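Encoded as structure tokens, the structure appears first; notes follow it.
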Amino acid sequence: MSDNDAHGSDAQQRVEDEYLKDFMDLSPCGDRGILKKVLREGYSDVKPCDGDTVVVHYVGTNYGGEKHGEVFDSSRARDEKFEFTIGNGSVIRAWDVGVATMKLGEICELIASPDYAYKDGKTLKFEVELFETLGADVSRNKDGSIRKSTIRKGKDIYNPVAGAEATIVFRNLTDSAENVEVTYCVGDPPLTVPEELDLCVRHMNTDEFSRVVVYKDKNSATEGADGHRVVYELTLKSFEKTKHLSGISSFSEQMAYANVLKEKANNFLKVCRRLVIMSGL
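Here the sequence shown stands for residues 11 to 291, numbered as in the numbering used here.
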């Protein structure tokens with residue numbers, strides 16, 4: 011290598027080092043295999059959770075080598091946003107890790123080494139914009155108006171059912187409200203508990219911590235504006251697990267428990283009738 015080649019290589023390395031200095035390392039082992047730089051801050055603190063479906067635009071270019079800077083794929087060129095599920099391995103590792111750190115409305119650059127991309131020896135760079143992150147649809151009519159994202163998984167596999175007593179803690183993030191703890195009968199929420207949270211809690215397990223997003227109209231989930239949604243944090247602290255009569259040994263205990271269930275059912279029906287009368291149906 012001539013002196014000119016050596017100086018040119020050193021200069022190129024300095025330029026690359028200067029370019030990369032503002033990137034943060036997201037790689038799980040700290041090997042700088044996934045680098046990220048925020049180009050535009052998001053308008054919300056909401057970030058994707060495992061299992062969420064995210065909606066993005068991206069432009070992918072080669073990084074380094076003879077084709078450095080050459081675009082190899084672009085959703086913007088197709089004018090078609092791309093959707094994928096966080097954490098299920100449907101995209102390259104750099105995307106699963108990198109997009110999960112983004113906020114709604116954020117635009118960032120991700121640089122993925124071959125081990126975190128397609129393992130073909132090529133380092134790639136992506137400019138990604140996050141438009142939406144969608145949790146599981148827990149709305150009554152499955153119209154996407156209520157979405158639940160699991161931040162922390164629960165301790166068991168059971169869910170509260172209507173009529174069970176449950177203790178929840180929730181907070182309205184949109185209004186920056188304080189935590190509220192309530193013990194109530196599922197299916198008959200007090201005025202302090204939004205109906206959307208009562209629906210959501212039936213899909214949760216003990217000690218689960220979730221984010222609940224309520225959309226003000228069914229089309230607002232893809233409009234990309236925080237004013238179209240109300241965001242809650244919800245924890246299911248505990249709930250009354252319904253017993254099965256076959257699991258109670260003595261007949262007298264079975265009858266006693268059956269009477270308890272009957273009383274709860276009657277009370278629940280009274281509440282339902284009252285709600286129907288109030289609604290004018």
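In this text, a Cβ means the ideal position worked out from N, Cα and C, and glycines have one as well.
Computed from a predicted model, the values in this text were never measured in an experiment.
If you follow the alpha helix (DSSP H) that Ala122 is in, where does it begin and where does it stop?
Here Ala122 belongs to no alpha helix (DSSP H); instead the beta strand (DSSP E) covers Ile117 to Ala122.
Using the Cβ count rule (16 or more neighbours within 10 Å means buried), how would you classify Pro200?
Under this definition Pro200 is an exposed residue.
Would you check if the distance between the CB atom of Thr143 and the CB atom of Asp62 is smaller than 7 Å?
Result yes, Cβ atoms of Thr143 and Asp62 sit closer than 7 Å.
Three-state secondary structure (DSSP) at Ala146?
Three-state result, Ala146: strand.
Could you give the first and the last residue of the continuous beta strand (DSSP E) run that contains Gly108?
According to the DSSP assignment, Gly108 belongs to no beta strand (DSSP E) but to the alpha helix (DSSP H) extending over Arg103 to Val109.
Taking a contact to mean a Cβ-Cβ separation below 7 Å, would you say Tyr73 touches Lys135 in this structure?
Yes, the Cβ-Cβ distance between Tyr73 and Lys135 is below 7 Å.
Contact check, Ala87 vs Ile44 under 8 Å by CB: the rounded distance?
Between Ala87 and Ile44 the beta-carbon gap is near 24 Å, outside 8 Å, which marks them as no contact.
Residues near Glu250 by beta carbon distance below 6 Å, same chain, minus five either side
For Glu250, the CB contacts under 6 Å within the same chain, skipping 5 residues up- and downstream, are Ala174 and Glu175 in chain order.
Do you know offhand how far Glu206's Cα is from Asp125's?
Our two residues, Glu206 and Asp125, have alpha carbons roughly 42 Å apart in a direct line.
Cβ atoms of Pro170 and Val223: under 7 Å apart, would you say?
Cβ atoms of Val223 and Pro170: not closer than 7 Å.
Just curious, the beta strand (DSSP E) that Ala87 is in, first and last residue?
Secondary structure note for Ala87: it is in no beta strand (DSSP E), and the uninterrupted alpha helix (DSSP H) holding it is Ser85 to Arg88.
Chain-order list of residues whose beta-carbon lies under 8 Å from that of Leu291 (same chain, five-residue window excluded)
Residue placement at Leu291 is poorly supported in this model, since its pLDDT is 49, which falls under 50; the coordinates still yield a value, given next. Result list for Leu291: empty, nothing under 8 Å.
Out of curiosity, what's the CA-to-CA distance linking Glu80 and Thr71?
One C-alpha to the other measures close to 5 Å.
Terminal residues of the continuous alpha helix (DSSP H) containing Glu206?
Unbroken alpha helix (DSSP H) run through Glu206: Glu205 to Val211.
Rank Arg239, Glu51, Asp185 and Asn189 by C-alpha distance to the C-alpha of Trp117 and give the top, closest one.
According to the sequence shown, residue 117 is Ile rather than Trp. Nearest option by C-alpha distance: Glu51.
Name the DSSP bridge partner or partners of Gly70?
In the DSSP output, where bridge partners are listed per residue, Gly70 has Asp83 and Phe136.
When you compare each of Ser84, Val148, Pro58 and Asp185 to Gly108 by their alpha carbons, which one comes out closest?
Residue Pro58 is the option with its Cα nearest to Gly108.
Is DSSP giving Met7 helix, strand or coil here?
Within the shown structure, residues of the chain are numbered from 11 to 291, placing residue 7 beyond reach of any answer.
Excluding the 5 residues flanking Phe261 on each side, which residues of the same chain have their C-beta closer than 6 Å to its C-beta?
Excluding positions up to five away in sequence, the list is empty.
Considering only DSSP beta bridges, list what Ala176 is partnered with.
DSSP output for Ala176 lists Tyr194 and Phe249 as bridge partner(s).
Chain-order list of residues whose beta-carbon lies under 6 Å from that of Val240 (same chain, five-residue window excluded):
Same-chain partners within the cutoff: Thr184 and Val224.
Indicate whether Asp32 and Lys47 have their beta-carbon atoms separated by less than 7 Å.
Yes, they are a contact pair.
Gly145, buried or exposed, once every other Cβ within 10 Å from all chains shown has been counted against 16:
A residue is called buried once 16 or more other Cβ atoms fall within 10 Å of its Cβ, and Gly145 is buried on that count.
Between which residues of its own chain and Met34 is the CB-CB distance below 8 Å, once the five residues before and five after are set aside?
Once the five neighbours on either side are set aside, the close Cβ partners of Met34 are Leu45, Lys46 and Lys47.
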